[in-house]
Amino acid sequence: MFERLCKNNNYGNLVNGDWVFSEKNIDIFSPTDGKLLGKIQSMTKKEIDNVLNLAKYAQKIWAEIPLNERANILHKTAILIEDNIDVLSNILQNEIAKNKSSAESEVKRTAEFIKFTADAGKHLEGETIDADNFPGFNKNKISFVSRVPIGTVLAISPFNYPINLSASKIAPALVGGNSVVLKPPTQGAISALHLVELFEKAGLPKGVLNTVTGKSSEIGDYLVTHKHINLINFTGSTNVGNHIAIIAGMVPMIMELGGKDAAIVLNDADLDSTSKEIVSGAYSYSGQRCTAIKRVIVLNKVADELSEKIKQRVENLTVGTPQEDAIITPLINNSAADYVQELIDDAIEKGAKLLVGNKRFDNLFYPTLFDNVTENMRLAWEEPFGPVLPIIRVNTIDDAIRIANKSQYGLQSSVFTKNIDDAFYIANKLEVGTVQINNKTERGPDHFPFLGVKSSGMGTQGIRYSIEAMTRPKSIIVNYSPLTSLK
Ligand code: NAP
Ligand code: G3P
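Just so you know, we're using the UniProt record's numbering here: the sequence shown kicks off at 1 and counts up by one.
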């Protein structure tokens, strides 16, 4: 297994069924110990043109293959992933410093996602619509509406789930009859390319799934504005998403972007379980999750007790390597850690109370907790993508809602309370894609709708939603004459 994609530690791109190597390479180093993990290809624009031409051609053939056969290939891929959990999990640990248990869970979840997608795809059904419902029309017209592929999908995934967030674009696109060009994150490409080899091994026809690697500063804009791309499915930062949305023009897009998810804690919340959910939600994978809890907004009456409970849990978080299965592992690179430091320094300078942390060795950032964060601090609004959590104290529920909604982001929020009326009052007012009542913010289960509003994205994902978003209705209208014998 995996003998085709790699030659002498050099990872190729899958192009029309072959693993191809470019003239220039990019070195990929481990965020944990700086060791060289391998090289990926730095593709040229000419090579990208070739990939997109081939993907366009292959899509037409793929769309003709019966849906149940397309679904079978996905099921085979899922089995291959399950057979390779250890290999894939080790690569994730090395390449993106994700701890062992989270890496394993990313891989297992990916296999489950693909199986569920294959089955959901088989339930893709059309409808017929009569014409006489609309004034001025009668029964001699009927629309046969089916769902058809969109064409070639450009899938762009981020570093923090290079396997899962690649598969969650590839599988729904494929079952819907599209071809896919995957642009994986540069740091995370080795993991994603292994996944792609498993799709290939499962029997995908050539050209249906292809990969493009290279520096986004060199090829990113070229790729997203390419005339052969029919849909862009992007997960990543709001800055990059916004840039793509501006330059790509009239092409459908699904975007899952940044977040600043709030955990709103009311006076009657169970503070033990709330603090547990908050710490797990905020610090797992060192806070490098779009759905991480990135601020706590708590009512004054219980703020002292809650912050003490959170503090105790944060002090007990393990810090170390992915292989040790530490909760806090090195951040993806030094500049990510520099950014976290900037937000911390700003909060300290403006008078926030440091409860734990603010300790760092290069890109290994210790879990950091602040109380008394106020609206004039960057930490109240910006997404650190690191292990630092601000606690913001408020006097009223409406103030909590106001601060939650003042964010540019709108991915998810949590509300912790025993009072279902209060929970719904708040949930109805929050400007986010999803509200979790008495749970941390998180994406799964993966068949639930997952979406961000405002600067957190556009379009909806989640298995059935993703398949629908990557197919379109096609209406064929039959116009028929009344029986001549009746005339
Ligand atoms: P990123 O820097 O925006 O990169 C995401 C992907 O976009 C990478 O593959 C990157 O390639 C590529 N890219 C960058 N510039 C591009 C361009 N001009 N054209 C085409 N592609 C381009 O994000 P990240 O650092 O990997 O991930 C962290 C961010 O993603 C956070 O903000 C997080 O909240 C967000 N995120 C959101 C969700 C969600 O579902 N809402 C999920 C996960 C992550 P290179 O690696 O080569 O630069
Ligand atoms: O940041 C990636 C996003 O998709 C979150 O997934 O499962 O960590 O909530 P999850």
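For every residue, glycine included, the Cβ atom is placed at its ideal position computed from N, Cα and C.
query	result
Beta-carbon proximity of Ile-28 to Glu-95, cut-off 8 Å	yes
Short CB-CB distance (under 8 Å) between Ser-273 and chain D	Any reference to chain D falls outside this structure, which holds one protein chain only.
Alpha carbon of Ser-42 to alpha carbon of Thr-152, nearest angstrom	22 Å
N-terminal and C-terminal residue of the alpha helix (DSSP H) that Ala-173 is part of	164–175
Where Leu-36 falls, given that 16 or more other Cβ within 10 Å makes a residue buried	exposed
Under the three-state DSSP convention, the category Gln-288 falls into	coil
In DSSP terms, what Thr-211 is bridged to	Leu-182
Three-way DSSP call (helix, strand, coil) for Gln-312 in this model	helix
Tyr-480 burial status per 10 Å Cβ neighbour count (16 or more: buried)	exposed
Inside the segment 212–255 only - alpha helix (DSSP H) runs reaching at least 4 residues	216–224, 238–247
Proximity to Met-253 [Cα-Cα], best of Thr-274, Gly-459, Gly-188, Ile-129	Gly-459
Helix, strand or coil at Leu-14 according to DSSP, with G and I counted as helix	strand
Alpha-carbon to alpha-carbon, Ala-248 and Ser-466	20 Å
Minimum length 3: unbroken beta strand (DSSP E) runs contained in the segment 37–77	none
Touching by the beta-carbon criterion (3+ pairs, under 8 Å), the segment 45–64 and the segment 332–347	no
The segment 403–420 / the segment 447–459 touching (three or more Cβ pairs under 8 Å)	yes
Other residues of its chain near Ala-282: CB distance less than 6 Å, five sequence neighbours each side excluded	Ala-292, Ile-293, Leu-389
Expected contact under 8 Å - CB spacing of Leu-306 and Ser-273 to nearest Å	Wrong, their Cβ atoms sit about 11 Å apart, outside the cutoff.
Contact check, Arg-393 vs Asn-372, beta carbons under 8 Å	yes
Complete beta strand (DSSP E) runs within the segment 103–137 (minimum length 3 residues, chain order)	127–130
Closest by C-alpha distance to Leu-299, when choosing among Lys-115, Lys-169, Ile-420, Ala-269	Ala-269
Cβ separation of Ile-150 and Arg-472, assumed to be a contact under 8 Å, to the nearest whole Å	6 Å
For Lys-206, the three-state DSSP class (helix, strand or coil)	coil
Coarse secondary structure for Arg-378, derived from DSSP in three states	helix
Ser-475, buried or exposed, once every other Cβ within 10 Å from all chains shown has been counted against 16	exposed
Contact test: Arg-443 Cβ vs the ligand G3P heavy atom, cutoff 7 Å	yes
Residues of its chain near Gly-320, where Cβ-Cβ distance is below 6 Å and the 5 sequence neighbours each way are ignored	Ala-326
According to DSSP, residues forming a beta bridge with Tyr-409	Lys-454
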